[in-house]
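Asker: Pasting a structure below so you can have a look.
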Amino acid sequence: MWGPLPLQKPHLYVAVTRLYHKDKCIDQYETRFGIRSVIFDPQKGILVNGKPIHIQGVNQHHDLGALGAAFNTRAAERQLELLQEMGCNAIRLAHNPPAPELLDLTDRMGFLVIDEIF
Numbered sequence: 417m418w419g420p421l422p423l424q425k426p427h428l429y430v431a432v433t434r435l436y437h438k439d440k441c442i443d444q445y446e447t448r449f450g451i452r453s454v455i456f457d458p459q460k461g462i463l464v465n466g467k468p469i470h471i472q473g474v475n476q477h478h479d480l481g482a483l484g485a486a487f488n489t490r491a492a493e494r495q496l497e498l499l500q501e502m503g504c505n506a507i508r509l510a511h512n513p514p515a516p517e518l519l520d521l522t523d524r525m526g527f528l529v530i531d532e533i534f
C-alpha cells in the first residue's frame, strides 16, 4: 500500500502495457501507481490506509522561482526534499496542471497531492 512519509511508506507498483501485432510486441508503456485508501471520519479525522494522519501541507505553483516555468526535475526534487525536512506531507498544486514528472516525484517521495486546474 502507498502511504505518506514518515508514518507509512510510499510503495509503488508498475503496470506494463504491451501492444502486440501477430505475436510481436510493437509497443510498450510502463505506468507507475500506488494503491491507498483515504477516509474522513468525524471522530478520528483523516485516515490513510486506516491510520490517522495529521496533514501538514503547502500551496505550490507550477514555477520554480527564478528558474521559471520550464520543469527541472532536480530543482523540483530539491524543493520537495526541503519541504520534507520541514515536516510537510501534503501539497496543493494550484491553478495549473502540474508536470507529470512532478506527480511522479511526489508519488515516490510520499506526498499527498491535491491537484487542481484553474
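In terms of this note's numbering, the sequence shown is residues 417 to 534. All C-beta atoms in this analysis are idealised placements derived from N, C-alpha and C, irrespective of residue type, glycine included. Quick caveat: nothing in here was measured; it's all calculated off a predicted structure.
(1) Check for me: the alpha helix (DSSP H) holding Gln444 runs from which residue to which?
(2) Under the three-state reduction of DSSP, which class applies to Gln459: helix, strand or coil?
(3) Using 7 Å as the threshold, is the C-beta distance between Phe449 and Tyr429 below it?
(4) Express the C-alpha separation of Gln444 and Ala431 in angstroms, rounding to a whole number.
(5) Among the residues of its own chain, which have a CB less than 6 Å from the CB of His477, if the five just before and after it don't count?
(6) Determine the DSSP secondary structure at Ala485, reduced to helix, strand or coil.
Answerer: Here's the rundown:
(1) By one-based count along the sequence shown, residue 444 stands at place 28. Segment Lys440 to Phe449 is the beta strand (DSSP E) holding Gln444; no alpha helix (DSSP H) there.
(2) The residue you call residue 459 lines up with position 43 of the sequence shown. In the three-state DSSP reduction, Gln459 falls in the coil class, being neither helix nor strand.
(3) For the purposes of this step, residue 449 is taken as the residue at position 33 of the sequence shown. For the purposes of this step, residue 429 is taken as the residue at position 13 of the sequence shown. It is a contact, given that the beta carbons lie within the stated cut-off.
(4) The sequence position of residue 431 within the sequence shown is 15, counting from 1. The sequence position of residue 444 within the sequence shown is 28, counting from 1. Cα to Cα, the separation comes out at about 10 Å.
(5) On the sequence shown, residue 477 is found 61 positions in, with the first residue counted as 1. Taken in chain order, the residues that qualify are Ala510.
(6) Reading the sequence shown from its first residue, position 69 is the one you call residue 485. Three-state DSSP puts Ala485 in coil, outside helix and strand.
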